[in-house]
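Asker: Here the protein sequences line up with chains A and B, keeping their order. Every letter in the first sequence is one number past the one before it in the numbering used here, and letter 55, counting from 1, is 55. With the second sequence counted from 1, adding 1000 to any position gets you the numbering used here. For glycine and all other residues, C-beta sits at the position ideal for the given N, C-alpha and C. No experiment lies behind these values; they were computed from the predicted model shown. Dumping the structure here so I can ask a few things about it.
2 protein chains.
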Amino acid sequence: MLEVDLIISGEKALLLDTGNTCLDRASVAIKGDEIVAVGNTDTITKQYQAKKTISAGNALLMPGFVNCHTHAAMTCFRGIADDLELMDWLNNYIFPAEAKNVNKELAYWGSLLGAAEMIKSGTTTFCDMYIFEDETARAAKEAGIRCLIGEVLFDFPSPNFKTVAEGMAYTKMLIEKWKDDPLVNIIIEPHALYTCSKSLLDEVRELALAKRLAEDNHLPIGLHLLENAAEKKQLEEKFGQGAVSFLKDIGYLDEHLIAFHCVHFSETDMRLFAEHGCKISHNPASNMKLASGVAPVPDMLQAGITVGIGTDGCASNNNLDMIKEMGTAAKLHKVARLDPTIMDAPTVVRMATIEGAKVLGMEKNIGSLEVGKKADIIVIGLDKPHLTPLYNEYSHLVYAASGADVDTVVINGKVVMENRLLLTINEDEVMQKVREIAVRVKQSLKK
Amino acid sequence: MLEVDLIISGEKALLLDTGNTCLDRASVAIKGDEIVAVGNTDTITKQYQAKKTISAGNALLMPGFVNCHTHAAMTCFRGIADDLELMDWLNNYIFPAEAKNVNKELAYWGSLLGAAEMIKSGTTTFCDMYIFEDETARAAKEAGIRCLIGEVLFDFPSPNFKTVAEGMAYTKMLIEKWKDDPLVNIIIEPHALYTCSKSLLDEVRELALAKRLAEDNHLPIGLHLLENAAEKKQLEEKFGQGAVSFLKDIGYLDEHLIAFHCVHFSETDMRLFAEHGCKISHNPASNMKLASGVAPVPDMLQAGITVGIGTDGCASNNNLDMIKEMGTAAKLHKVARLDPTIMDAPTVVRMATIEGAKVLGMEKNIGSLEVGKKADIIVIGLDKPHLTPLYNEYSHLVYAASGADVDTVVINGKVVMENRLLLTINEDEVMQKVREIAVRVKQSLKK
């Protein structure tokens, strides 16, 4: 018998490997942070002896979800302003609320609340852009959730920096501080093309290239891109060419680029992204709620672009539930194209797991249940009226389940939630702290 | 002190009365099946003494959801066939599965599973169309859930009747059998204009008129209407006029008509519906998943039509969660119109409660928390990361919550779920029965 640290067993497992293997009576054996075996429960339990076993019964094992785009600390602004015109929403609510309230404390507690919500709905890795990201990294580390985080950079001051130079210095600090961390990874994140000058964009690219060369580091660049029609028009006027062509000219188009949204993407944009191996995070709930438009995701996939799914932040969603987001993604494109066969359930589940891992450049380590990968595993209980009967696991995940069906979560080999109980986060304390912050946020908007 | 049967208290209450009152520290006092007081907890507990009290703590009280269109027993086909062309889906999966498997047993257990799922996600009243509806009525009665049910009628045989005459006789039997029931109400349901001859439609109308006259009974008529573009075209060719004009000519347009879907509705159709007080059930998830199109709901509301929300059946959704459905309704129209201000959260919550009650003709009894109404009340626990902080109750319901957040459900004064525990349904038994049925369904499709 080989000794392992943990064996998790359930009636079903979706591996999300190349062949979309679905196992009955499945077990995963974990040693340290790594998956050492995946297979039939009888076989695994004959070969391996575990310090801890989780026998989940009538449950589905699968890789954790990869949330490709969010602003975790914005949980503090969840529901503060909805159903408004974009400019009213931004200028009269979100920007003033941020300017008056975002500090290290908000970033830390908001991120920790976001981590709690994400773990409780099965997300094991998230890609984050916000302010004071060192606090987000600290919160993620404490929560035991994997992340790819970047300080938002733009030409004007943020609550965290007065000048571009300070923003760049902060980003460099993040890269150094977290470079050997098993959970926290860093991305450089210029906010968008309408908020960043070419000189800032050049500086970002130089930093990324230098670090990649020096440290054989992936170090991706992420930015919001063509989220709505007004932005597309504005950028075309500014550049005298399309935004994606401009990105090509300044050397941004490569396999390390992650673009968020890409709602108003032309065929040329898609061709350029496909040719250069650029990645996209699709955030359908946010695009719907803010009335941004419908990204041409079926065409992106057809063009061979790697597309993951993100929730965006809590001001524009207002939740971080990747299971909800999958349902939204699957249904939105069907009705937009009047074609019920597109964005089928297996495609969407892959986008929320292994394809998302590829978007973040982490597919060697996460995104599927395969030997040698990091143990990021979730357990979804199936003994529920709304998940009965079971004909098709993918359909259940996309069209019937919700985040609350996730019972147990393992990240990097560590059990961070068991039977809905968070083991790394004091949930009551976090909620209380954020409620206190919310009182101040509300006050600040009245002034 | 006045004696009552039940007092429920929580931190917040949304009454969904005319003024959309939101109370802090709220209590509802219930005597028998009726709400006798709604107000501040201190006031209520000074005036009333209850046999049972439910102190829900940091929770939101509100009227239960009204699901305006479903096929409850189709839970048995949940996930059997998805992501397919409409005709492939119907002809090769749904119709054969129904023809070979639908019987009283399936209708009963499938409906009971649907009732369990609906109660667990906060629905207290549902409007149902299917086969062997007497079994659905029996299941609903046992589950203690309010319903408006009708046997589906069409020109061809169903598993329950060989001729139209038998179908009509079954409907008359339902009307007689359930006429004095406190929970079960009957609707006459010709399936749709493309499946029902004019003579069947005439017979239905005569029956409804006769019964309404004789018994001062509401007795609505419900039918699927203009769900997709092909149906619209087919009906125009068949009638030589629009479907709604045809309905007008045969005397169907009145305040007792409930039309399901109405996706391909013209301005003329809306004007006619508004003029005659006809009602609509909007079923956005089904319309998206089947790629039917986007119903012009903002225009319908503008025209003054009463519109409720329905989940449709589990073959085309695949769940019965009205909270999910609210989120879908709010976001779909924003992106379809590129206007983030339409279908705001309070409008959508009203559609899922009091407006739904109006659609079913039950607004005098249900749909809001008001003295004199039947006690159909749900309790939503707020002590959860994804519902923290709380700036706006409506936003939380529509954009952040899910069905699993419903903790406790009271229908007609009776507690049918307390702290997620169903008190009227043996959940394990129901799931086991439906799993056994599903094995046979699967087998039948292989032949």
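Could you pull the DSSP bridge partners for B/Q1049 from this structure?
Answerer: Along the second sequence, read from residue 1 onward, the residue named residue 1049 of chain B stands at position 49. Note: B/Q1049 sits in a beta bridge opposite B/E1003.
Asker: Name the DSSP bridge partner or partners of A/P96?
Answerer: Residue mapping note: residue 96 of chain A aligns to position 96 of the first sequence, counting from 1. Its beta-bridge partners do not exist; DSSP assigns none.
Asker: In this structure, how does DSSP classify B/G1310 when only helix, strand and coil are distinguished?
Answerer: Numbered from 1 along the second sequence, position 310 holds the residue referred to as residue 1310 of chain B. Coil, per DSSP.
Asker: What is the rounded straight-line gap between the Cα of A/Q302 and the Cα of A/L225?
Answerer: To locate residue 302 of chain A, count along the first sequence from 1; it is residue 302. To locate residue 225 of chain A, count along the first sequence from 1; it is residue 225. Cα to Cα, the separation comes out at about 20 Å.
Asker: Buried or exposed for A/D312, going by 16 or more other Cβ atoms inside 10 Å?
Answerer: As a working note, residue 312 of chain A is residue 312 in the first sequence. Burial call: buried.
Asker: Helix, strand or coil for A/G10, going by three-state DSSP, please let me know.
Answerer: Locating residue 10 of chain A in the first sequence gives position 10, counting from the first residue. Correct three-state label for A/G10: strand.
Asker: Please determine, among A/S55, A/C278, A/H256, the residue with the shortest C-alpha to C-alpha distance to A/G10.
Answerer: One-based indexing of the first sequence puts residue 10 of chain A at position 10. For A/G10, the nearest C-alpha among the options comes from A/S55.
Asker: Tell me, please, whether the stretch 356-363 of chain A touches the stretch 394-403 of chain A by the rule of three or more beta-carbon pairs shorter than 8 Å.
Answerer: Touching, no, given that fewer than three Cβ pairs across the two stretches are closer than 8 Å.
Asker: By Cβ distance, which residues of its chain are closer than 6 Å to A/E3, with the 5 residues on each side in sequence left out?
Answerer: Here residue 3 of chain A refers to the residue found at position 3 of the first sequence. These residues qualify, in order along the chain: Q49.
Asker: For A/E189, list the residues DSSP reports as bridge partners.
Answerer: Position 189 of the first sequence holds residue 189 of chain A. Looking at the DSSP assignment, A/E189 forms a beta bridge with A/V152.
Asker: Would you mind telling me which residues of chain B sit closer than 7 Å to A/T341, beta carbon to beta carbon, in chain order?
Answerer: Counting from one through the first sequence, the residue named residue 341 of chain A turns up at place 341. Within 7 Å Cβ-Cβ: D1083, L1084, E1085.
Asker: Which partner residues does A/Y130 have in the DSSP bridge list?
Answerer: Indexing the first sequence from 1 puts residue 130 of chain A at position 130. According to DSSP, A/Y130 bridges with A/E151.
Asker: Can we say the stretch 1064-1071 of chain B touches the stretch 1013-1024 of chain B, given the rule of at least three CB pairs closer than 8 Å?
Answerer: Short answer: they don't touch.
Asker: Bridge partners for A/L422 per DSSP, in chain order?
Answerer: Translated into the one-based positions of the first sequence, residue 422 of chain A becomes position 422. Paired residues: A/M417.
Asker: Do B/A1285 and B/E1325 come within 8 Å of each other at the CB atom, strictly closer than that value?
Answerer: Position 325 of the second sequence, counting from 1, holds the residue named residue 1325 of chain B. Position 285 of the second sequence, counting from 1, holds the residue named residue 1285 of chain B. Taking 8 Å as the Cβ cut-off, B/E1325 and B/A1285 qualify as a contacting pair.
Asker: What is the residue span of the beta strand (DSSP E) that A/G62 lies within?
Answerer: As a position in the first sequence, residue 62 of chain A is number 62, starting the count at 1. Reading the sequence as shown, one finds Met at residue 62 of chain A and not Gly. Unbroken beta strand (DSSP E) run through A/M62: 59-63.
Asker: For the beta strand (DSSP E) holding A/L15, just list the boundary residues, first then last.
Answerer: What you label residue 15 of chain A is simply residue 15 of the first sequence in a count that begins at 1. Neither: A/L15 is in no beta strand (DSSP E) and is coded neither H nor E.
Asker: In whole angstroms, what separates the C-alpha of A/L112 from that of A/I258?
Answerer: Your numbering for residue 112 of chain A matches position 112 in the first sequence. Your numbering for residue 258 of chain A matches position 258 in the first sequence. Their backbone Cα atoms lie some 24 Å apart in a straight line.
Asker: What does the Cβ neighbour count give for B/L1183, buried or exposed, with the cut at 16 atoms within 10 Å?
Answerer: Against the second sequence, residue 1183 of chain B aligns to sequence position 183. Buried.
Asker: Taking the beta carbon of B/F1273 as the centre, do at least 16 other beta carbons fall within 10 Å, making it buried, or is it exposed?
Answerer: Residue mapping note: residue 1273 of chain B aligns to position 273 of the second sequence, counting from 1. When all chains shown are included, B/F1273 counts as buried.
Asker: Assign A/F265 to one of three DSSP states: helix, strand, or coil.
Answerer: Translated into positions along the first sequence, residue 265 of chain A becomes position 265. Of the three classes helix, strand and coil, the one that applies to A/F265 here is coil, per DSSP.
Asker: Indicate whether at least one CB of chain A lies closer than 8 Å to the CB of B/K1442.
Answerer: Start at 1 with the first residue of the second sequence, and residue 1442 of chain B comes out as number 442. At least one chain A Cβ lies under 8 Å of B/K1442.
Asker: If you draw a straight line from the C-alpha of B/K1179 to the C-alpha of B/T1171, how long is it?
Answerer: The residue given as residue 1179 of chain B occupies position 179 in the second sequence. The residue given as residue 1171 of chain B occupies position 171 in the second sequence. B/K1179 and B/T1171: Cα-Cα distance of roughly 12 Å.
Asker: Taking 8 Å as the cut-off, decide whether the C-beta atoms of B/S1281 and A/G403 are in contact.
Answerer: On the second sequence, residue 1281 of chain B is found 281 positions in, with the first residue counted as 1. On the first sequence, residue 403 of chain A is found 403 positions in, with the first residue counted as 1. In this structure, A/G403 does not lie closer than 8 Å to B/S1281 by Cβ.
Asker: How is the beta strand (DSSP E) around A/I305 delimited, first residue to last?
Answerer: Sequence index remark: in the first sequence, residue 305 of chain A carries index 305 (1-based). Per DSSP, A/I305 belongs to no beta strand (DSSP E) and is neither H nor E.
Asker: Under 8 Å, do A/G122 and A/I354 count as touching if we go by C-beta distance?
Answerer: The residue you call residue 122 of chain A lines up with position 122 of the first sequence. The residue you call residue 354 of chain A lines up with position 354 of the first sequence. Cβ atoms of A/G122 and A/I354: not closer than 8 Å.
Asker: So, is B/I1250 buried or exposed, given that buried needs 16 or more other C-beta atoms within 10 angstroms?
Answerer: By one-based count along the second sequence, residue 1250 of chain B stands at place 250. When all chains shown are included, B/I1250 counts as exposed.
Asker: Chain A beta carbons: is any one of them nearer than 8 Å to that of B/M1431?
Answerer: As a working note, residue 1431 of chain B is residue 431 in the second sequence. Interface residue, yes.
Asker: Once the 5 residues before and after A/R205 are set aside, which same chain residues still bring their CB inside 8 Å of it?
Answerer: Indexing the first sequence from 1 puts residue 205 of chain A at position 205. I221, I250, G251, Y252, listed in sequence order.
Asker: List the DSSP bridge partners of B/H1224.
Answerer: Along the second sequence, read from residue 1 onward, the residue named residue 1224 of chain B stands at position 224. DSSP output for B/H1224 lists B/A1192, B/F1260 as bridge partner(s).
Asker: Should B/A1210 go down as buried or exposed, given a rule of 16 or more other Cβ atoms within 10 Å for buried?
Answerer: Taking the first residue of the second sequence as position 1, residue 1210 of chain B is located at position 210. Result: exposed.
Asker: Grab the span of the alpha helix (DSSP H) containing B/I1175 for me, first residue to last.
Answerer: Taking the second sequence and counting its residues from 1, one reaches residue 1175 of chain B at position 175. Residues 1164-1177.
Asker: Under the rule that 16 or more other beta-carbon atoms within 10 Å means buried, what is B/R1350, buried or exposed?
Answerer: Looking up residue 1350 of chain B in the second sequence gives position 350. Under this definition B/R1350 is a buried residue.
Asker: When the Cα atoms are used, what is the spatial distance from B/L1461 to A/K364?
Answerer: Residue 1461 of chain B lies beyond the stretch modelled for chain B, which goes from 1001 to 1447, so this question has no answer here.
Asker: What residues of chain B sit near A/D321, judged by a beta carbon separation below 9 Å?
Answerer: For the purposes of this step, residue 321 of chain A is taken as the residue at position 321 of the first sequence. Under the 9 Å cutoff, chain B gives H1386, A1400, S1402.
Asker: Apart from the five residues on each side of it in sequence, which residues of its chain come closer than 7 Å, Cβ to Cβ, to A/A59?
Answerer: Locating residue 59 of chain A in the first sequence gives position 59, counting from the first residue. Closer than 7 Å at Cβ, skipping near neighbours: G10, E11, V379, I380, G381, L382, D407.
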